[in-house]
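All residue numbers for the sequence shown refer to the working numbering, where the first residue is 27 and numbers rise by one.
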Amino acid sequence: MNFYLSAVDDLLRHPADQPSIGVILCKSKNAVVAEYALRDTAKPIGISEYLATVKLPAELKGSLPTVEELEAELKHNATGDTIERGTNLAQR
């Protein structure tokens with residue numbers, strides 16, 4: 027997780043964005059594994075159990091980027107384009 031957070035902050039994070047936060051979703055809770063996995067990291071990382079659902083809860087709609095926004099972001103980062111620096115996905 028630390029590797030991915032460092033890469034995202036270095037390569038994808040825009041100057042106006044806050045540092046990335048890692049979220050580890052687990053099918054079942056194992057406090058011992060979580061404690062050892064996260065013990066020496068200084069980056070903010072959350073860990074939680076999840077319940078898979080088919081439909082996105084209404085309170086989360088609008089707060090997450092669309093598939094199209096994510097694809098556009100990945101395309102621009104892959105091509106080296108610098109469009110609208112300092113804005114987040116929701117503003118594009």
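C-beta atoms are modelled at their ideal positions from N, C-alpha and C, and glycine is treated no differently.
What is the DSSP secondary structure of residue i, reduced to helix, strand or coil?
i          : result
residue 51 : strand
residue 74 : strand
residue 56 : coil
residue 81 : coil
Between the C-alpha atoms of residue i and residue j, what's the straight-line distance to the nearest angstrom?
i          : j          : result
residue 74 : residue 95 : 26 Å
residue 91 : residue 97 : 10 Å
residue 42 : residue 33 : 17 Å
residue 59 : residue 78 : 21 Å
Given a cut-off of 9 Å on the beta-carbon distance, is the pair residue i and residue j in contact?
i          : j          : result
residue 48 : residue 31 : yes
residue 69 : residue 54 : no
Excluding the 5 residues flanking residue i on each side, which residues of the same chain have their C-beta closer than 7 Å to its C-beta?
i          : result
residue 51 : 74, 76
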